[in-house]
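Colleague:
Protein chains: 2
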Amino acid sequence: MSGARRARDAQDTRARLLAAARTLFAERGYEGATVREIGQAADADPALIARYFGSKAALYVESLRPSGAATGQSPIDITEATVLTGVIERLREGGPTPALHAALRRHDNDEVQEAALATLMTRLVDPAATRATEAGSPDARLRAELAVAALAGILASRSTHALEALGNASPAEVAALAAGLFEELLAP
Amino acid sequence: MSGARRARDAQDTRARLLAAARTLFAERGYEGATVREIGQAADADPALIARYFGSKAALYVESLRPSGAATGQSPIDITEATVLTGVIERLREGGPTPALHAALRRHDNDEVQEAALATLMTRLVDPAATRATEAGSPDARLRAELAVAALAGILASRSTHALEALGNASPAEVAALAAGLFEELLAP
DNA sequence: AGTGTTAGTCTACAAGTGATGACATCGAGC
DNA sequence: GCTCGATGTCATCACTTGTAGACTAACACT
């Protein structure tokens, strides 16, 4: 990472910054990740964030939009263990994980908060609420939000490694338990 | 709050600072609450935090120890809806809520992180793990930590009001749904 | 080789943080 | 009424954060 000088390639540098931002935002939330850390992780100068994205906030907003065209802004079924496993594993590839932090702690920057919540609603809360409604829950919305909040807590706790067993558990294990819970909550 | 000048009473001022700190730490986490905000909420000068507690970190550590001798460092059964209701309602009186943030985001200050985790373990994770073990779960620890992580997410999301239905739901409603989940997870 | 655009580096700044210590002011005890 | 310790106020510090802008270095093209 250190010795070899890299070829000059703005597009590649931009992509490295975006990738590093995705990982760090997912791990530590928006306020928790500094531009200097992101720059270091991407092996690029932090000032380039302002140049290529406009601001840290804009970088965050862009990090919410998955690049892998595959997943887009498509809804996510959190009661499916396999889907959930993918979400946990693919922290870095632009999953909804960065957005989950918006539920846990209100972001200082309004633009950032709004963008994150929009992603959260579209991809996680709305699908869950639909499912709960179909199952006949009168408090479908509450149940959906509760499930997403719980998921946010689980993923955040996993990435801090503050809770040992949770930090060390495989994505599949965690996903299986969590999906079971959400199924119970949303389709009783 | 503004007009009437208060009598000079160091003990009372200290108590007001502690109360304000409990509320704000519970709502926004350790890093999210500033000493200036705490001072304003307590109607006291922020500099008094350093004088009376030593530092913001020490204030946080003290805020983890409930003052109401009642609850002490006693274990909390998160599968009991009534108990959980109390935890949600009594954010400000020194419940374990401030400590829950330690699971979600690692604190900058090591002393703070350690103290919060210790509280978390003693009061929430250990009792839950014991219960799961008694129920015969091989992955009791993981289940216990998962439950606590989920609880942390739910309470944090509630206090941000980022998720509307969750933010507006009554403590009892939230507690009932959450307790059901945890029961399912810990005593299947 | 020379040149001009692009890519990257570095210094510096304003705003906000927790903390410190000098100063002002109250009020109990003589 | 005075004094002096206790209590509260204020200006300021060192540090971190995001951002801006001047500067340097590399590459493409003639």
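Keeping their order, the protein sequence lines are chains A and B. For the record, in the first sequence the residue sitting at position 122 is 122 according to the UniProt record's numbering, with numbers rising by one throughout. For the record, in the second sequence the residue sitting at position 9 is 9 according to the UniProt record's numbering, with numbers rising by one throughout. The C-beta atom is built at its ideal place from N, Cα and C for all residues, glycine as well.
Alpha helix (DSSP H) containing B:His101: first to last residue?
Modeller: 97-104
Colleague: Excluding the five sequence neighbours on either side, which residues of its own chain have a C-beta within less than 7 angstroms of the C-beta of A:Met1, listed in chain order?
Modeller: Only weak support is given to the placement of A:Met1: the predicted model assigns it a pLDDT of 42, under 50, and the value that follows is read from those uncertain coordinates. Here the set comprises Asp43.
Colleague: Is A:Ala140 near B:Gly153, with beta carbons less than 8 angstroms apart?
Modeller: no
Colleague: So for A:Glu80, helix, strand or coil by DSSP?
Modeller: coil
Colleague: Just to confirm, is the Cβ distance from B:Leu120 to B:Val87 under 8 angstroms?
Modeller: no
Colleague: Closer than 8 angstroms is the cut-off here; do at least three beta carbon pairs connect the segment 167-176 of chain A with the segment 114-131 of chain A?
Modeller: no
Colleague: What do you get for B:Ala10, buried or exposed, if any count of 16 or more other CB atoms within 10 angstroms of its CB means buried?
Modeller: In this structure B:Ala10 is exposed. Its beta-carbon is surrounded by fewer than 16 other beta-carbon atoms within 10 angstroms.
Colleague: Just reading off the alpha helix (DSSP H) that B:Ser159 is part of, what are its end residues?
Modeller: 140-160
Colleague: For the segment 22-38 of chain B, list every residue whose C-beta sits within 7 angstroms of some C-beta in chain A, in sequence order.
Modeller: Arg28, Gly29, Gly32
Colleague: Can B:Ala57 be considered in contact with the ligand MN, in the sense that its beta carbon sits closer than 7 angstroms to one or more heavy atoms?
Modeller: As for the ligand MN, it is missing from this structure, which has no ligand bound.
Colleague: Consult DSSP for B:Leu163 and reduce its assignment to one of helix, strand or coil.
Modeller: coil
Colleague: Output needed for A:Val83: all residues of its chain with C-beta closer than 7 angstroms, excluding positions within five of it in sequence on either side, in chain order.
Modeller: Same-chain partners within the cutoff: Ile76, Asp77.
Colleague: Just the C-alpha distance for B:Ala20 and A:Leu181, rounded to the nearest angstrom, thanks.
Modeller: 35 angstroms
Colleague: At what residues does the alpha helix (DSSP H) containing A:Pro171 begin and finish?
Modeller: Start and end: 171-186.
Colleague: Closest to B:Ala99 by C-alpha separation, out of B:Phe25, B:Ala162, B:Thr13, B:Arg8, would be which residue?
Modeller: Nearest of B:Phe25, B:Ala162, B:Thr13, B:Arg8 to B:Ala99, Cα basis: B:Phe25.
Colleague: With a threshold of 8 angstroms between beta-carbons, can B:Ser157 be considered close to chain A, or not?
Modeller: yes
Colleague: Going straight from the alpha carbon of A:Ala179 to that of A:Asn168, what length do you get?
Modeller: 18 angstroms
Colleague: Comparing alpha-carbon positions, which option in B:Glu183, B:Ala7, B:Leu163, B:Arg158 lies nearest B:Gly97?
Modeller: Before going further, note that residue 97 of chain B is Thr rather than Gly in the sequence given. That would be B:Arg158, whose Cα lies nearest to the Cα of B:Thr97.
Colleague: Would you say A:Leu185 faces chain B, with C-beta separation under 8 angstroms as the test?
Modeller: Any Cβ of chain B closer than 8 angstroms to the Cβ of A:Leu185 would place that residue at the interface, and such an atom is present.
Colleague: State buried or exposed for residue 199 of chain B, treating a residue as buried only when at least 16 other CB atoms are found within 10 Å of its CB.
Modeller: The structure shown does not extend to residue 199 of chain B, since chain B spans only 1 to 188, so no value can be given for it.
Colleague: Is it right to say A:Glu31 is buried, meaning 16 or more other beta carbons lie within 10 angstroms of its own, or is it exposed?
Modeller: buried
Colleague: How should B:Thr79 be labelled, buried or exposed, when 16 other C-beta atoms within 10 angstroms of its C-beta is the threshold for buried?
Modeller: buried
Colleague: What span of residues does the alpha helix (DSSP H) with residue 189 of chain B cover, start to end?
Modeller: What is shown of chain B runs 1 to 188, which leaves residue 189 of chain B out entirely.
Colleague: Apply the 10 Å Cβ neighbour rule to A:His161 and answer buried if 16 or more other Cβ atoms are within range, or exposed otherwise.
Modeller: exposed
Colleague: Considering only their Cβ atoms, is the gap separating B:Thr13 from B:Leu48 smaller than 8 angstroms?
Modeller: yes
Colleague: Scan the segment 101-112 of chain A for residues whose Cβ lies nearer than 7 angstroms to a Cβ of chain B and list them as they occur along the chain.
Modeller: Residues Ala102, Ala103, Leu104, Arg105, Arg106.
Colleague: Which residues in the same chain as A:Tyr52 place their Cβ atom closer than 6 angstroms to its Cβ, once the five residues preceding and following it in sequence are excluded?
Modeller: Arg14
Colleague: Could you check what DSSP says for B:Arg123 in three-state terms: helix, strand or coil?
Modeller: helix
Colleague: Please check if any C-beta of chain A sits within less than 8 angstroms of the C-beta of B:Glu114.
Modeller: no
Colleague: Mind checking whether B:Leu166 and A:Leu117 have CB atoms under 8 angstroms apart?
Modeller: Cβ distance not < 8 angstroms, so B:Leu166 and A:Leu117 don't count as in contact.
Colleague: What distance in whole Å lies between the Cβ atoms of B:His101 and B:Ala156, which are believed to be in contact at a cut-off of 8 angstroms?
Modeller: 7 angstroms
Colleague: By a C-beta neighbour count over all protein chains shown, 10 Å radius and 16 as the cutoff for buried, is B:Pro66 buried or exposed?
Modeller: buried
Colleague: Quick one: which chain B residues come within Cβ less than 7 angstroms of A:Arg141?
Modeller: Ala165
Colleague: To the nearest angstrom, how far is the alpha carbon of A:Glu134 from that of A:Leu186?
Modeller: So the two alpha carbons sit approximately 9 angstroms from each other.
Colleague: May I have the straight-line CA-CA distance separating A:Ala150 from B:Arg6, to the nearest angstrom?
Modeller: Rounded to whole angstroms, A:Ala150 to B:Arg6 spans 43 angstroms at the Cα level.
Colleague: Does any residue of chain B bring its CB to less than 8 angstroms from the CB of A:Ala178?
Modeller: Judged by the 8 angstroms Cβ criterion, A:Ala178 is in contact with chain B.
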